[in-house]
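Chain order of the listed sequences is A and B. Under the numbering used here, residues 1401 to 1734 are what the first sequence spells out, in order. Under the numbering used here, residues 524 to 872 are what the second sequence spells out, in order. We put the beta carbon where it would ideally sit given N, CA and C, even for glycine. It should be emphasised that the depicted structure is a prediction, and the values quoted were computed from it without experimental measurement.
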Amino acid sequence: MLARESLRPTSQVAEDLREIARGLLETGDVDVFIGYEEGSLPLRTTPAFVTRADDVSRLVWGHACENNLAVYLPKFEGKVGVVLKGCDARTLVNLIVEKQVRRDRVKIVGVPCGGVIDRRKLAARLAAAAGGGRTARAASETEDGVILARGDGFEATVPVEEVLSPSCTTCTHPVPVVYDFLAGDERWARQVCPKEQAYDDVDAFMGRGADERFTHFSKEIERCIECFACRQACPLCYCPECFVDRETPRWVGRWRDLSDRMVFHLGRALHTAGRCVDCGACRRACPAGIDLRLLTRRMERDALEFFGYESGADLEAVPLLATYRRDDPDDFIL
Amino acid sequence: MRKRDFGAFVNHLAASCELFVPLDVGGMTLFSAIDSSDTCNGLGLENTTALPKRPLKELFFPQEEVLFAFDAGGGIETTEDTSAQPGGGVSPSGVVRVALGVRPCDARSLTILDLVFDAADYKDPYYVSRRRRTALVTFACSEPGMACFCTSVGGGPFDETGSDVVCADGGEEYVMWPLSAAGEGLLEGFAALREAGEEELEAVRKARAAAEARLAGNSVPVEKAVSKLGGAFDRPEWDDVHRKCLGCAACTYLCPTCHCFDIGDEATRTGGERVRNWDSCMFPLFTLHASGHNPRPSRKERFRQRIMHKFNYFVENHGTAACVGCGRCVENCPVNLDVRKVLEVFAAL
Chain A
1401 MLARESLRPT
1411 SQVAEDLREI
1421 ARGLLETGDV
1431 DVFIGYEEGS
1441 LPLRTTPAFV
1451 TRADDVSRLV
1461 WGHACENNLA
1471 VYLPKFEGKV
1481 GVVLKGCDAR
1491 TLVNLIVEKQ
1501 VRRDRVKIVG
1511 VPCGGVIDRR
1521 KLAARLAAAA
1531 GGGRTARAAS
1541 ETEDGVILAR
1551 GDGFEATVPV
1561 EEVLSPSCTT
1571 CTHPVPVVYD
1581 FLAGDERWAR
1591 QVCPKEQAYD
1601 DVDAFMGRGA
1611 DERFTHFSKE
1621 IERCIECFAC
1631 RQACPLCYCP
1641 ECFVDRETPR
1651 WVGRWRDLSD
1661 RMVFHLGRAL
1671 HTAGRCVDCG
1681 ACRRACPAGI
1691 DLRLLTRRME
1701 RDALEFFGYE
1711 SGADLEAVPL
1721 LATYRRDDPD
1731 DFIL
Chain B
524 MRKRDFGAFV
534 NHLAASCELF
544 VPLDVGGMTL
554 FSAIDSSDTC
564 NGLGLENTTA
574 LPKRPLKELF
584 FPQEEVLFAF
594 DAGGGIETTE
604 DTSAQPGGGV
614 SPSGVVRVAL
624 GVRPCDARSL
634 TILDLVFDAA
644 DYKDPYYVSR
654 RRRTALVTFA
664 CSEPGMACFC
674 TSVGGGPFDE
684 TGSDVVCADG
694 GEEYVMWPLS
704 AAGEGLLEGF
714 AALREAGEEE
724 LEAVRKARAA
734 AEARLAGNSV
744 PVEKAVSKLG
754 GAFDRPEWDD
764 VHRKCLGCAA
774 CTYLCPTCHC
784 FDIGDEATRT
794 GGERVRNWDS
804 CMFPLFTLHA
814 SGHNPRPSRK
824 ERFRQRIMHK
834 FNYFVENHGT
844 AACVGCGRCV
854 ENCPVNLDVR
864 KVLEVFAAL
């Protein structure tokens, strides 16, 4: 057997995941183990629901493990093991705090995360490298964090760092805050973004005029086709009935009017205030690549700045919007 | 036509028709109206892998449309021009809209939608009118994408079904051939056209063979799956294949053949409009009864509906699967739930 130090991160993590999953399934500690397996397109993975110890070899790990698997937990019956990255684990903390998931029903297999690939960024890079409308036929990543892609008559190498999902570049918790098992080594996690830099883009955006900010969000939301992939990919959007699905009365019109789409997106964003951990799942799920993170991260920062509340950091926390303090100055209320 | 004359061709079409081309709007490619080649971002055949993200169906069956307006006094006004009524194909003089840069899969998708909206027993005047007024200039695919499987559902990278003109890459030149009177009308009067030489035709044949060979590697056992699905409604496999589905509508809304819709009124005190908009079988509201009962209560039933409708019910009703293998659902599924894999599961029963 190879010594731990001689193996590089992704393959060692995958091996660890398989061993942990095997153990959990064999002992009956979990009925299902949710991880990632090879997807059907180059550099895509897909969620894997493994129920037999013999199938653990399907499990993989790498920078293409983009989905937040905590999304499957709220309605899950039975005992489940799940692979969670740093941000994913924080969403699970929120689900536990909000009593949507029972801690004793979940075995958390944490992975020190190196960041995940933004498919759109990568596709744009590969299209530029390939030229002439050629398409990448195969792609893989090296243990050193480099993507190798090839198609007919071209090869391209792209450092993972240059095509990371934007939420990864401002990540403050690449190592899960809570876990039962850790696959891999904490030292393999991405460097933590210093807290004082994590909201630089939000500050820069707030420096722009109100009109300009409104135009920015309008342009993002204009592309919305109302498929609700953002909502469905979000672990925190677990309402039995979403407000936009209400029929009596209707909250959102039948038009694809921008104002109706705004109501949905802004309403959803506000519903995640003090809860969103910026895992980026909504942005990655959106077929139009809509990015409202400037808004959600502004709220995240407000929670931190005004209330000292960091979402998803503490299993014992009382949710921010469920607390009341007599000494709250309320000086923002008229 | 020499490649550098393509812009002139765009202008030729734009001069006499309302012209739609796939434009990139913030990463979301959709068919948009343009006035001249200046706004079409170098659209050309070299761009063959860029299947527009949004499907062609939107030009005929938009995501939302007003069917008519009404007022409290009993007046009803139809806002859409439905004067072009059923009866024959597009006449050269009747063409007022052209979609340029259509993919063969999308062109074929309209012939599937025709089975629903332009059927013998029911004709949707809104859809039919737009269909009659629109001609399609299709770009043959010389480099199919990784999610493409058109040849497994009866199409192909050079399939002509539904197109009025097909345009292919012939090396130094674009080779175009009309397939209908409307198509001939579009090419008429464009001065830069000349008879294709053997060299260009050979280049097109080679490109076609290469594209078809490429797709042979993406073969999906659709026929076999179709033959099994009829008896598969209660199979336990559904428990497994739907499991990672998030229940969003990215697959159905971006599908060129999905056609379910909802109709409702947007009314004020004095009047209102009757609106039709897309609906999706992936949503819990889709079949929710007024009583509160939902015959498709969970994602499993909803996912099964999508697969069964496309590959079983539609085949039984119309003799073809409601799928053209464009791969949009594969590319855009947030969790990479690949319809090809689902079909493989049922084909293997």
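Output the distance between the C-alpha atoms of residue i and residue j, rounded to the nearest integer angstrom.
| i | j | result |
| --- | --- | --- |
| residue 1524 of chain A | residue 539 of chain B | 35 Å |
| residue 497 of chain B | residue 1492 of chain A | Missing from the structure shown is residue 497 of chain B; chain B here goes from 524 to 872 and no further. |
| residue 1456 of chain A | residue 859 of chain B | 19 Å |
| residue 773 of chain B | residue 727 of chain B | 34 Å |
| residue 667 of chain B | residue 622 of chain B | 20 Å |
| residue 1410 of chain A | residue 1531 of chain A | 30 Å |
| residue 587 of chain B | residue 779 of chain B | 15 Å |
| residue 863 of chain B | residue 596 of chain B | 53 Å |
| residue 835 of chain B | residue 1650 of chain A | 35 Å |
| residue 1652 of chain A | residue 1645 of chain A | 8 Å |
| residue 787 of chain B | residue 1575 of chain A | 49 Å |
| residue 1624 of chain A | residue 1497 of chain A | 31 Å |
| residue 575 of chain B | residue 1724 of chain A | 51 Å |
| residue 873 of chain B | residue 1658 of chain A | Given a span of 524 to 872 for chain B in the structure shown, any question on residue 873 of chain B remains unanswerable. |
| residue 1633 of chain A | residue 1509 of chain A | 20 Å |
| residue 1672 of chain A | residue 1583 of chain A | 29 Å |
| residue 612 of chain B | residue 656 of chain B | Reliability fails at residue 612 of chain B, whose pLDDT of 42 lies under 50, so the model's placement of it is uncertain and no value is given. |
| residue 796 of chain B | residue 630 of chain B | 31 Å |
| residue 676 of chain B | residue 846 of chain B | 7 Å |
| residue 720 of chain B | residue 694 of chain B | 11 Å |
Which word fits residue i, buried or exposed, when buried means at least 16 other C-beta atoms lie within 10 angstroms of its C-beta?
| i | result |
| --- | --- |
| residue 712 of chain B | exposed |
| residue 536 of chain B | buried |
| residue 599 of chain B | exposed |
| residue 614 of chain B | Confidence at residue 614 of chain B is low in this model, with a pLDDT of 45, below 50, so the placement of that residue should be treated as unreliable; the coordinate-derived value is given next. Exposed: under 16 other Cβ atoms inside 10 Å. |
| residue 829 of chain B | buried |
| residue 855 of chain B | buried |
| residue 1597 of chain A | exposed |
| residue 681 of chain B | buried |
| residue 1463 of chain A | buried |
| residue 1542 of chain A | exposed |
| residue 645 of chain B | exposed |
| residue 1711 of chain A | buried |
| residue 504 of chain B | Coverage of chain B is limited to positions 524 through 872, which leaves residue 504 of chain B absent and any answer about it impossible. |
| residue 669 of chain B | buried |
| residue 1607 of chain A | exposed |
| residue 560 of chain B | buried |
| residue 1586 of chain A | exposed |
| residue 1412 of chain A | buried |
| residue 1459 of chain A | buried |
| residue 814 of chain B | exposed |
Please look up how many angstroms separate the CB atoms of residue i and residue j, rounded, as I've assumed it's under 8 Å.
| i | j | result |
| --- | --- | --- |
| residue 672 of chain B | residue 741 of chain B | 5 Å |
| residue 1559 of chain A | residue 1545 of chain A | 6 Å |
| residue 1580 of chain A | residue 1507 of chain A | 5 Å |
| residue 1622 of chain A | residue 1692 of chain A | About 12 Å separates the two Cβ atoms, so there is no contact after all. |
| residue 765 of chain B | residue 822 of chain B | 6 Å |
| residue 679 of chain B | residue 735 of chain B | 6 Å |
| residue 893 of chain B | residue 584 of chain B | Here chain B comprises residues numbered 524 to 872, so residue 893 of chain B is not present and cannot be evaluated. |
| residue 1684 of chain A | residue 1518 of chain A | 7 Å |
| residue 1515 of chain A | residue 1590 of chain A | 5 Å |
Would you check if there are 3 or more beta carbon pairs closer than 8 Å linking the stretch 1628 to 1648 of chain A to the stretch 803 to 810 of chain B? The count of Cβ pairs closer than 8 Å, one atom from the stretch 1628 to 1648 of chain A and one from the stretch 803 to 810 of chain B, reaches three, so the stretches are in contact.
Below 8 Å, can you find three or more Cβ-Cβ pairs linking the stretch 745 to 761 of chain B to the stretch 552 to 565 of chain B? Output reads no: the stretch 552 to 565 of chain B does not touch the stretch 745 to 761 of chain B.
Under 8 Å: do the stretch 1419 to 1431 of chain A and the stretch 1474 to 1485 of chain A share three or more Cβ pairs, one atom per stretch? Touching, yes, given that three or more Cβ pairs across the two stretches are closer than 8 Å.
Listed in chain order, which residues of the stretch 1639 to 1673 of chain A have Cβ atoms closer than 7 Å to some Cβ of chain B? For the stretch 1639 to 1673 of chain A, which is checked against every Cβ of chain B, the residues closer than 7 Å are 1645, 1653, 1654, 1655, 1656.
What residues from the stretch 1623 to 1636 of chain A come within 9 Å of chain B, judged by C-beta to C-beta, listed N to C? Within the stretch 1623 to 1636 of chain A, contact with chain B at the beta-carbon level (separation under 9 Å) is assigned to 1623, 1625, 1626, 1627, 1628, 1629, 1630, 1631, 1632, 1633.
Scan the stretch 759 to 774 of chain B for residues whose Cβ lies nearer than 7 Å to a Cβ of chain A and list them as they occur along the chain. Contacts with chain A (Cβ-Cβ distance below 7 Å) from the stretch 759 to 774 of chain B involve 766, 767, 769, 770, 771, 772, 773, listed in chain order.
If you measure beta-carbon to beta-carbon, which residues of the stretch 535 to 553 of chain B are closer than 7 Å to chain A? Shown in chain order are the members of the stretch 535 to 553 of chain B whose Cβ falls below 7 Å from a Cβ of chain A: 548, 549, 550, 551.
Using Cβ-Cβ distances below 9 Å, what residues of the stretch 1687 to 1705 of chain A are close to chain B? Only 1687, 1688, 1689, 1690 from the stretch 1687 to 1705 of chain A bring a Cβ to less than 9 Å from some Cβ of chain B.
Three or more C-beta pairs closer than 8 Å, one from the stretch 1488 to 1505 of chain A and one from the stretch 1675 to 1687 of chain A: is that the case here? The answer is yes - the stretch 1675 to 1687 of chain A touches the stretch 1488 to 1505 of chain A, with three or more Cβ pairs under 8 Å.
Looking at chain B, which residues of the stretch 1450 to 1481 of chain A have a Cβ within less than 8 Å of any of its Cβ atoms? Going along the stretch 1450 to 1481 of chain A in chain order, one finds 1467, 1471, 1472 with a Cβ nearer than 8 Å to chain B.
Looking at chain A, which residues of the stretch 582 to 601 of chain B have a Cβ within less than 7 Å of any of its Cβ atoms? Correct list: 586, 587.
Contact list for the stretch 639 to 667 of chain B against chain A, Cβ threshold 7 Å: Those residues of the stretch 639 to 667 of chain B that come within reach of chain A (Cβ to Cβ, closer than 7 Å) are 666.
In chain order, what residues of the stretch 786 to 814 of chain B put their CB closer than 8 Å to some CB of chain A? Taking 8 Å as the Cβ-Cβ cut-off against chain A, the residues of the stretch 786 to 814 of chain B that qualify are 787, 789, 798, 800, 803, 806, 807, 808.
Contact between the stretch 1460 to 1476 of chain A and the stretch 1443 to 1452 of chain A (3+ Cβ pairs under 8 Å): Output reads yes: the stretch 1443 to 1452 of chain A touches the stretch 1460 to 1476 of chain A.
Using a Cβ cut-off of 9 Å, which residues of the stretch 1610 to 1622 of chain A contact any Cβ in chain B, in chain order? For the stretch 1610 to 1622 of chain A, the set of residues with a beta-carbon nearer than 9 Å to any beta-carbon of chain B comprises 1619, 1620, 1622, in chain order.
Name, going along the chain, the residues of the stretch 1495 to 1519 of chain A whose beta-carbon falls closer than 7 Å to a beta-carbon of chain B. For the stretch 1495 to 1519 of chain A, the beta-carbon criterion of a distance under 7 Å to any beta-carbon of chain B is satisfied by none of its residues.
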